[in-house]
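Working notes for the structure below.
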Amino acid sequence: MPGANCALYGCGTSRRSNLSLFKIPFPARDDGDETVKLKSDARKEWLRVILRTRENTPGLKKRINENNIFLCELHFKPELIYQHAKRKTLETGAVPTQNLPSKSHDSKPSSRRSLVREISGETPSTSALPPVDIEGKSVNVVNESFEELVPRVKESIALPWVMKKCNDLEIRMELWDNNYSLPKFVLHVDKCLQFSLHIFNWLLPDEHSIYTAHRRRITSAGVVELLQSLQDDDFLICEGLHQHAEYLTTIAKDPDDQSHPLHPSDVVRHSIPKSVEMDTNFGVLAVFRCVTCQVLVRRQDQGDVICEPCKQLQRKIVAQQNRSARQSSAPAKDKAPLTRCSADKLRATVVESRVKCSLLEAKVKSLQVQIKKDSITVSETLEKDVLTNMGGHNLESTPHMKFFWEQQVRLRQANKFGRRFHPQVIRFALSIHCKSASAYRELRDSGALILPSERVLRDYRNYFKPGAGITKENVEELKEKASKFSGIHKYVAVIMDEMKIQENLVFDKTSGELIGFIDLGDPLTTFANTDEETPIASHALAFLVRGLCTNLKHVVAYYFTGNVTSFQLLPLFWKVVGVLETTVKLWVIAAVNDGASPNRKFFALHAKLGGTLPCGLVYKTPNLFVLTRIYFFADVPHLIKTTRNCLYNSGYGSRSRYMWNNGQYLLFRHIADMFHNDQEYALHRLPKLTLDHILLTGYSKMKVKLAVQVLSRTVSTCLLESDDPSVVGTAMFCQMVNDFFDCSNVRSLKEHQLKRNDRIKPYESPDDERLVWMKNTFLKYLEDWKESVATRKGSYTT
1 MPGANCALYG
11 CGTSRRSNLS
21 LFKIPFPARD
31 DGDETVKLKS
41 DARKEWLRVI
51 LRTRENTPGL
61 KKRINENNIF
71 LCELHFKPEL
81 IYQHAKRKTL
91 ETGAVPTQNL
101 PSKSHDSKPS
111 SRRSLVREIS
121 GETPSTSALP
131 PVDIEGKSVN
141 VVNESFEELV
151 PRVKESIALP
161 WVMKKCNDLE
171 IRMELWDNNY
181 SLPKFVLHVD
191 KCLQFSLHIF
201 NWLLPDEHSI
211 YTAHRRRITS
221 AGVVELLQSL
231 QDDDFLICEG
241 LHQHAEYLTT
251 IAKDPDDQSH
261 PLHPSDVVRH
271 SIPKSVEMDT
281 NFGVLAVFRC
291 VTCQVLVRRQ
301 DQGDVICEPC
311 KQLQRKIVAQ
321 QNRSARQSSA
331 PAKDKAPLTR
341 CSADKLRATV
351 VESRVKCSLL
361 EAKVKSLQVQ
371 IKKDSITVSE
381 TLEKDVLTNM
391 GGHNLESTPH
401 MKFFWEQQVR
411 LRQANKFGRR
421 FHPQVIRFAL
431 SIHCKSASAY
441 RELRDSGALI
451 LPSERVLRDY
461 RNYFKPGAGI
471 TKENVEELKE
481 KASKFSGIHK
491 YVAVIMDEMK
501 IQENLVFDKT
511 SGELIGFIDL
521 GDPLTTFANT
531 DEETPIASHA
541 LAFLVRGLCT
551 NLKHVVAYYF
561 TGNVTSFQLL
571 PLFWKVVGVL
581 ETTVKLWVIA
591 AVNDGASPNR
601 KFFALHAKLG
611 GTLPCGLVYK
621 TPNLFVLTRI
631 YFFADVPHLI
641 KTTRNCLYNS
651 GYGSRSRYMW
661 NNGQYLLFRH
671 IADMFHNDQE
681 YALHRLPKLT
691 LDHILLTGYS
701 KMKVKLAVQV
711 LSRTVSTCLL
721 ESDDPSVVGT
731 AMFCQMVNDF
741 FDCSNVRSLK
751 EHQLKRNDRI
761 KPYESPDDER
771 LVWMKNTFLK
781 YLEDWKESVA
791 TRKGSYTT
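Next up, the structure:
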């Protein structure tokens with residue numbers, strides 16, 4: 001069975017081999033659409049190759065369903081495999097194409113038919129045939145037979161070329177080098193005028209330019225031209241791999257060894273015997289080559305004489321040796337066997353151990369000096385009492401003493417942010433806090449005991465059963481929080497937000513109710529705003545109270561809704577405001593929500609009560625419970641996400657729109673192309689952008705951080721520096737949105753100093769230049785955009 005071995009029939013690669021195994025690809029949950037398609041297509045091809053020679057047994061089906069199928073690296077092209085520091089990975093969408101098993105009854109492809117000229121009674125004219133341009137040279141196509149070629153070649157051949165073999169089937173010409181006992185070049189031409197070339201018995205690869213230039217069928221003129229070019233050293237012999245010769249000797253393979261198939265990344269030893277003289281021994285010139293070595297390289301003015309496949313393999317081997325050198329000189333890990341470590345690694349390990357020992361000795365000495373300086377002499381009686389208590393002899397005196405001591409030791413050793421308190425410790429802390437909160441705070445701040453904070457105790461002390469609508473227990477808890485506020489600390493804002501929930505029913509075993517139907521808090525309100533008798537809720541609407549001058553955050557009410565409307569929001573909002581103003585004694589001064597259609601209509605319902613701008617925009621309303629006003633605000637993070645989503649679908653994503661402004665298209669493709677070009681370089685101009693910013697999913701669309709980083713000044717600057725006039729509109733749009741978000745995102749008194757950004761400085765005057773910019777520049781930009789679209793010729797949507 002496959003499992004931890006290669007799943008292809010007849011392949012013996014396993015986990016114990018030195019070859020890497022790759023798991024069958026399968027789409028992940030967070031993959032994009034293109035990645036899912038690549039993985040799905042690759043998975044189908046993997047299964048087709050595996051099941052071609054294997055029976056689809058139940059065990060194999062189970063492994064396929066569990067994605068427990070592997071293939072080794074011998075079945076993939078080397079360019080599809082990425083080498084990392086400690087492992088190898090496979091390119092997404094790669095399929096096996098190398099060293100695949102074949103069935104005994106597979107039909108073999110027919111060989112290419114040899115070209116044989118049919119001799120007719122009349123000799124065809126070649127004057128009308130145009131010359132063929134191959135690699136910049138004009139070659140005339142001539143119908144020449146093998147019998148005509150042989151005498152012409154004999155007449156044209158000259159020393160040092162020697163014709164060694166000439167018969168009715170083939171001719172063979174050789175060029176010798178006196179330093180070696182093998183011919184340097186051997187040219188074979190068969191009866192079909194197809195030729196092959198050997199260089200020191202190494203066959204020239206089929207894809208070499210010499211073959212393609214003559215189309216593997218040569219004429220007498222071509223033979224003479226080729227012999228002359230080889231004699232004049234127009235082509236030089238590849239020198240092969242010459243760096244790390246000792247390592248190459250250990251990994252080089254014999255080309256005659258048929259026990260293991262050669263991999264394109266293998267190194268082959270090319271042995272060339274030298275000529276034997278009277279006073280010398282037998283010698284061999286060993287050249288290490290890549291399996292796909294081109295052997296002959298065109299002459300260049302400078303640089304090493306090495307073909308491209310050998311050059312790539314040499315770079316790979318050099319990088320591998322550099323990594324091995326760095327690893328061999330690095331200290332060994334704590335559990336590494338020393339018998340398998342090299343001398344350099346052992347030396348580095350000893351040096352590191354000595355450094356650690358010296359640091360520890362220095363720390364011990366400093367502790368000894370500190371103990372000697374700050375120690376206090378105690379009496380013998382006190383010393384015995386302390387040793388007795390620490391020894392644990394008196395821990396059993398009370399039922400909880402030993403348990404409490406063990407919990408304190410465990411909490412002392414745990415991280416501050418990872419402490420988990422035992423229920424018995426929480427009961428003990430609640431008991432002390434109820435007797436005296438000041439004493440509890442004093443005991444906890446002293447550090448003598450590790451006790452939970454008052455915030456943790458509040459979760460256990462103020463517990464009540466939640467419910468839809470405004471509940472009495474929830475209001476009482478908010479009232480207790482607000483009882484400490486006075487003055488400007490009572491100003492709050494009501495934030496309304498709606499989230500999607502799963503449409504399902506849940507049985508509450510404590511009350512016996514089915515939870516999940518639409519519930520607007522009051523049965524009369526619920527039935528008046530719903531058409532069906534008992535519809536199932538699909539959304540949850542929450543009202544959050546946020547302190548403007550405090551850190552107060554409290555959900556005062558929530559409701560189960562369907563597609564909520566502005567008429568449903570109106571009574572719910574004023575009911576929440578009434579509770580906050582009359583019962584909790586908090587001052588509501590603002591209402592905040594996103595830019596959804598029901599929320600905008602909810603603002604518009606207050607047109608006759610509140611103030612409106614000349615354009616009809618409603619921005620405030622009188623408070624029905626006190627003589628103040630409530631101002632309406634749109635949530636800026638929601639606006640930024642909506643703006644990014646609109647740009648994402650402009651010529652990209654769903655392609656639902658093509659945004660246009662004054663002759664310039666605003667396309668997300670401009671940002672995507674710039675991101676992909678930036679990834680080709682080691683130093684990035686857009687270091688914060690990732691694929692999550694370019695390929696959005698349902699989860700990433702909800703992240704404000706991703707939207708802000710796309711519509712940023714950095715992206716705008718990079719677009720303008722590209723010198724592409726078609727991206728100016730997109731760059732200006734990103735810059736405007738970035739500046740607007742900065743002006744609306746003031747949240748700290750000192751953040752503008754740390755980030756050196758005056759646009760996020762706190763507002764101190766109604767005449768602030770940022771307010772002037774938003775009114776005279778940003779709003780004018782939007783109005784000019786709207787006007788340019790309205791006056792655009794043709795039928796377009798706005």
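Residue 505 in full-length UniProt numbering sits at position 505 of the sequence shown, with consecutive numbering throughout. Virtual Cβ for every residue (Gly too), placed ideally from N, Cα, C.
7 angstroms CB neighbourhood of residue i in its chain, flanking five on each side removed
i    : result
K574 : The sequence shown places Trp at residue 574, not Lys. Excluding positions up to five away in sequence, the list reads L624.
D758 : H752
R770 : C743, R759
L248 : L241, V267, F288
A604 : V618
Burial state of residue i (16 or more Cβ within 10 Å)
i    : result
E498 : buried
R117 : Residue placement at R117 cannot be trusted, given a pLDDT of 46 that sits under 50; the coordinates are not used to answer.
M173 : buried
G729 : buried
A682 : exposed
N474 : buried
E122 : Caution is warranted here: a pLDDT of 44 is assigned to E122, below 50, making its placement in the model unreliable, and no coordinate value can be reported.
Y440 : buried
S438 : exposed
Close beta carbons around residue i, own chain, < 8 angstroms, minus the five adjacent residues each side
i    : result
Y180 : F200, I272, P273, K274, S275, L285
P27  : T35, V36, K39, S40
Q735 : R713, S716
Minimum C-alpha distance to residue i - residue among the options
i    : options                : result
V162 : Q98, W202, Q231        : Q231
G467 : K384, F632, A542, H242 : A542
V297 : I251, A319, I50, G240  : G240
E764 : K780, E477, V746, W202 : V746
Q424 : S712, T13, M401, Y247  : M401
T92  : N99, K608, F22         : F22
V291 : P25, L197, P78, G32    : P78
K705 : M674, N738, R87        : N738
V267 : T250, S20, R655        : T250
F428 : V492, R52, S453, D767  : S453
I171 : D177, V153, K184, P160 : V153
C549 : K490, S597, A591, E277 : K490
F421 : L451, F741, S20, L696  : L451
L689 : C166, C718, S431       : C718
Nearest-angstrom Cα separation, counted from residue j out to residue i
i           : j    : result
A213        : K316 : 31 angstroms
I81         : S17  : 17 angstroms
S324        : C293 : 26 angstroms
Q370        : I376 : 12 angstroms
residue 825 : V150 : One cannot answer for residue 825 here, as it falls past the ends of the chain, which runs 1 to 798.
F235        : S328 : 41 angstroms
R657        : S650 : 5 angstroms
L443        : D459 : 20 angstroms
L411        : A362 : 29 angstroms
residue 826 : Q312 : Nothing about residue 826 can be read from this structure; the chain reaches only from 1 to 798.
S353        : P331 : 9 angstroms
R455        : Y796 : 57 angstroms
N322        : A85  : 11 angstroms
C11         : C310 : 28 angstroms
L782        : A790 : 12 angstroms
N99         : E73  : 10 angstroms
V364        : Q314 : 51 angstroms
L627        : K585 : 14 angstroms
Chain B within 8 angstroms of residue i, Cβ atoms only
i    : result
S438 : In summary, chain B is missing from the structure at hand, where a single protein chain is found.
Spatial neighbours of residue i in its chain, beta-carbon cut-off 6 angstroms, leaving aside the 5 residues before and after
i    : result
A591 : V494, I630, F632
G616 : none
Note down, one range per segment and in chain order, each beta strand (DSSP E) of at least 3 residues found wholly within the region 217-291.
235-237, 267-273, 284-290
Segments of 3+ residues assigned as beta strand (DSSP E) that fall wholly inside the region 548-612:
553-561, 587-593
Scan the region 306-372 and note each continuous alpha helix (DSSP H) run of 4 residues or more that stays entirely inside, going in chain order.
308-329
Let me know the alpha helix (DSSP H) ranges lying completely inside the region 79-104, each 4 residues or longer, listed in chain order.
none
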